[in-house]
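Now the structure itself:
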């Protein structure tokens with residue numbers, strides 16, 4: 011008979027959440043996003059690990075450096091993104107993003123890398139949060155607090171004013 015060894019069980023299990031997204035934003039937008047991630051109030055016994063996929067263009071060295079600094083300071087990884095086809099996405103249009111089929115597929119592959127990273131590293135949760143959002147301090151805690159396996163929070167943005175629209179719209 012094999013001897014049994016007993017140990018005291020901890021009173022809690024630390025929860026691990028991988029937070030990240032595919033990133034291709036200008037440095038000022040990215041800085042605001044990263045700041046809002048850093049100020050998230052975490053539930054008790056929760057550890058966050060950041061995992062981003064770098065999807066920058068050649069001209070975005072400042073944003074790439076900002077992302078690397080954030081991860082170096084707070085922990086996590088920056089994964090290499092899937093190369094983009096020339097002109098497959100732009101934020102430059104005056105009314106809205108211009109998504110192509112290849113851009114949607116590329117970003118999907120990048121987000122799959124984050125999901126795989128979470129799975130391979132024993133994460134309890136993965137939070138895919140787009141890099142052009144500024145989040146309220148309790149966003150992550152409220153998502154975790156739902157106690158569902160899959161949670162979605164959708165934010166809608168007006169990209170331009172329609173006629174004389176001046177009313178404020180809140181989430």
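Numbering (the numbering used here), first residue to last: 11 to 181.
All C-beta atoms in this analysis are idealised placements derived from N, C-alpha and C, irrespective of residue type, glycine included.
Source: prediction; values computed, not measured.
Item                                                                                                                                  : Value
Contacts around residue 74, its chain only, beta-carbon distance under 7 Å, and the 5 residues preceding and following it disregarded : 64, 66
Cut-off 7 Å between Cβ atoms - residues of its own chain near residue 37, not counting five sequence neighbours on either side        : 72, 73, 76
contact_flag[the stretch 78 to 95, the stretch 139 to 147] where n(CB pairs < 8 Å) is 3 or more                                       : no
Neighbourhood of residue 87 by C-beta distance below 6 Å, restricted to the same chain and skipping five residues each side           : 61
Whole-angstrom C-beta distance between residue 29 and residue 58, which should lie under 8 Å                                          : 5 Å
C-alpha distance - residue 18 paired with residue 24, whole-angstrom precision                                                        : 16 Å
One or two residues paired with residue 25 in a DSSP bridge                                                                           : 56
Nearest residue (CA-CA) to residue 91, options 41, 31, 48, 159                                                                        : 31
For residue 14, the three-state DSSP class (helix, strand or coil)                                                                    : coil
C-alpha gap between residue 131 and residue 109, whole angstroms                                                                      : 31 Å
Beta-carbon proximity check, residue 134 vs residue 35, cutoff 8 Å                                                                    : no
Residue 138 versus 155, 118, 84, 42, residue with shortest Cα-Cα distance                                                             : 118
Whole-angstrom distance between residue 89 and residue 161, CA atom to CA atom                                                        : 24 Å
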